[in-house]
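Structure, as structure tokens:
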Amino acid sequence: MNMAWTQRPEGGGRFALRLIRAIARRGGRALARPLLLPITAYFMLVRGPERRASLAWLRRVLGAHAGYRHVARHIHSFASTILDRVFLLGGQVDRFDVTVTGLDTLHRDLDQGRGVLLFGSHLGSFEVLRVLGRQCPDYTIRVVLDKSRNPALTQLLDELSPEIAASVIDAAQDGPSIVMAIKQACDEGAMVALLVDRARPGDPALPAPFFGEAALFPTSPWLIAAALKVPVQLGFGLYRGGNRYDLQFEPFADEVRIGRGQRMADVAALIERYARQLENRASDAPYNWFNFYDFWLQDHAAVARDDATVQRRPAVTARAAGNGPGNGA
8 MNMAWTQRPE
18 GGGRFALRLI
28 RAIARRGGRA
38 LARPLLLPIT
48 AYFMLVRGPE
58 RRASLAWLRR
68 VLGAHAGYRH
78 VARHIHSFAS
88 TILDRVFLLG
98 GQVDRFDVTV
108 TGLDTLHRDL
118 DQGRGVLLFG
128 SHLGSFEVLR
138 VLGRQCPDYT
148 IRVVLDKSRN
158 PALTQLLDEL
168 SPEIAASVID
178 AAQDGPSIVM
188 AIKQACDEGA
198 MVALLVDRAR
208 PGDPALPAPF
218 FGEAALFPTS
228 PWLIAAALKV
238 PVQLGFGLYR
248 GGNRYDLQFE
258 PFADEVRIGR
268 GQRMADVAAL
278 IERYARQLEN
288 RASDAPYNWF
298 NFYDFWLQDH
308 AAVARDDATV
318 QRRPAVTARA
328 AGNGPGNGA
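Numbers given in the numbering used here equal positions in the sequence shown, counted from 1, plus 7.
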């Protein structure tokens with residue numbers, strides 16, 4: 008039986024995370040990185056669902072020749088980005104060699120003062136956005152994050168950077184509260200970053216082709232974008248090994264439009280376009296795919312994705328965002 012990703016237990020524990028933090032902060036990254044080997048071995052030996060999901064993913068993207076040495080590299084890449092969070096959130100950005108592309112269009116959108124929605128995914132490291140905050144200190148970055156997931160890791164990262172923790176928009180709130188917080192941040196000219204690749208069980212979602220098979224993607228981010236009428240950018244922080252990252256931005260839409268009479272078709276087209284761009288990036292960096300569950304085996308029947316659901320949800324989103332009924336949202 009396939010377990011939903013929201014039901015997966017958190018790997019490790021508070022003691023292990025704090026031990027890694029202490030070694031990393033006192034001994035530096037060079038001393039801490041050898042710890043990634045036993046962490047990788049733990050996931051290889053103990054965490055069967057993640058191991059099998061990794062192997063299935065790698066065979067899908069690399070071919071049938073992918074084996075457990077590829078899985079070990081995959082898990083090691085993930086563990087590396089978790090370790091690097093300690094330094095990135097601790098303000099030690101100079102430890103890393105980060106190549107940034109796409110800043111011109113991102114600056115253009117932010118300079119309009121309307122705010123920007125930055126759509127990311129569980130591909131690579133979203134924390135490398137700290138580099139952008141260092142390069143562009145005049146810009147405000149708010150991240151939408153479910154603090155109830157991985158509580159030990161969340162608590163540790165909050166302690167490392169209390170100012171960033173205070174700026175997080177908690178996705179565990181009810182829908183209208185989340186939308187209101189995002190709207191307020193955009194009204195203040197902030198960039199609001201959220202992950203849009205995982206569909207929560209029971210939330211509205213639509214299927215899109217992804218690596219040769221349909222996968223479910225949430226509809227809510229696109230409805231929020233249409234309601235708020237702000238630019239949408241895609242962001243990817245790809246880990247390239249060692250201390251190297253690629254922070255890539257690409258414009259998606261100056262304004263997301265969803266027609267009243269064809270909402271389902273418009274949302275589906277947006278999701279399919281996003282899935283194609285995500286597939287291109289994932290093909291370029293397959294060991295950065297950090298969805299360690301079967302991304303395709305989901306209960307389609309349990310997901311409200313019919314036309315009536317997509318028709319109703321934009322009106323609720325628009326009201327929560329403070330928009331009137333005549334704005335096309």
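Where a beta carbon is used, it is the ideal one built from N, C-alpha and C, also for glycine.
Other residues of its chain near residue i: CB distance less than 6 Å, five sequence neighbours each side excluded
{"i": "residue 313", "result": "Note that residue 313 scores a pLDDT of 42, beneath 50, so its modelled location is shaky and nothing firm can be said."}
{"i": "residue 70", "result": "none"}
{"i": "residue 350", "result": "Given a span of 8 to 336 for the chain in the structure shown, any question on residue 350 remains unanswerable."}
{"i": "residue 307", "result": "With a pLDDT of 49 at residue 307, under the threshold of 50, the predicted position of this residue should be treated as unreliable, though the coordinate-derived value follows. Here the set comprises nothing."}
{"i": "residue 311", "result": "Low local confidence applies: a pLDDT of 46 at residue 311 is under 50, so the model's placement there is unreliable, and no value is given."}
{"i": "residue 197", "result": "122, 147, 149"}
{"i": "residue 222", "result": "302, 303"}
Residues bridged to residue i (per DSSP)
{"i": "residue 112", "result": "Bridge partners of residue 112: none, in fact."}
{"i": "residue 223", "result": "214"}
{"i": "residue 149", "result": "199"}
{"i": "residue 94", "result": "Its beta-bridge partners do not exist; DSSP assigns none."}
{"i": "residue 176", "result": "151"}
{"i": "residue 80", "result": "Per DSSP, none; premise fails for residue 80."}
{"i": "residue 340", "result": "The structure shown has nothing for residue 340, since the chain only spans 8 to 336."}
{"i": "residue 244", "result": "131, 254"}
{"i": "residue 86", "result": "None, per the DSSP bridge assignment."}
{"i": "residue 105", "result": "252"}
{"i": "residue 289", "result": "Residue 289 pairs with nothing; no bridge assigned."}
{"i": "residue 123", "result": "198"}
{"i": "residue 260", "result": "239"}
Proximity below 8 Å, CB of residue i to CB of residue j
{"i": "residue 206", "j": "residue 217", "result": "no"}
{"i": "residue 107", "j": "residue 138", "result": "yes"}
{"i": "residue 229", "j": "residue 199", "result": "no"}
{"i": "residue 133", "j": "residue 127", "result": "yes"}
{"i": "residue 215", "j": "residue 171", "result": "no"}
{"i": "residue 73", "j": "residue 62", "result": "yes"}
{"i": "residue 56", "j": "residue 300", "result": "yes"}
{"i": "residue 201", "j": "residue 151", "result": "yes"}
{"i": "residue 298", "j": "residue 131", "result": "no"}
Cutoff 8 Å; reference residue i; Cβ partners in own chain excluding five residues on either side
{"i": "residue 40", "result": "87, 90"}
{"i": "residue 103", "result": "91, 94, 95, 135, 138, 250, 251, 252"}
{"i": "residue 193", "result": "121, 122, 123, 124, 199, 235, 237"}
{"i": "residue 43", "result": "83, 86, 87, 90"}
Supposed contact pair residue j and residue i - C-beta distance, whole angstroms, cut 8 Å
{"i": "residue 204", "j": "residue 81", "result": "Not really, about 17 Å apart at Cβ, beyond 8 Å."}
{"i": "residue 288", "j": "residue 243", "result": "5 Å"}
Cutoff 7 Å; reference residue i; Cβ partners in own chain excluding five residues on either side
{"i": "residue 293", "result": "65, 68, 69"}
{"i": "residue 321", "result": "Since pLDDT at residue 321 reaches only 45, below the 50 mark, its modelled position is unreliable, and the value read off the structure follows with that caveat. Excluding positions up to five away in sequence, the list reads 230, 233, 234, 265, 270, 336."}
{"i": "residue 109", "result": "255, 256, 257"}
Minimum Cβ-Cβ distance from residue i to chain C less than 8 Å
{"i": "residue 61", "result": "Judged by its chain identifiers, the structure shown contains no chain C, having just a single protein chain."}
Would you call the region 40-53 and the region 80-99 in contact, with 3 or more CB pairs under 8 Å?
yes
Kindly confirm or deny that the region 227-241 and the region 254-261 touch, where touching means at least three C-beta pairs closer than 8 Å.
yes
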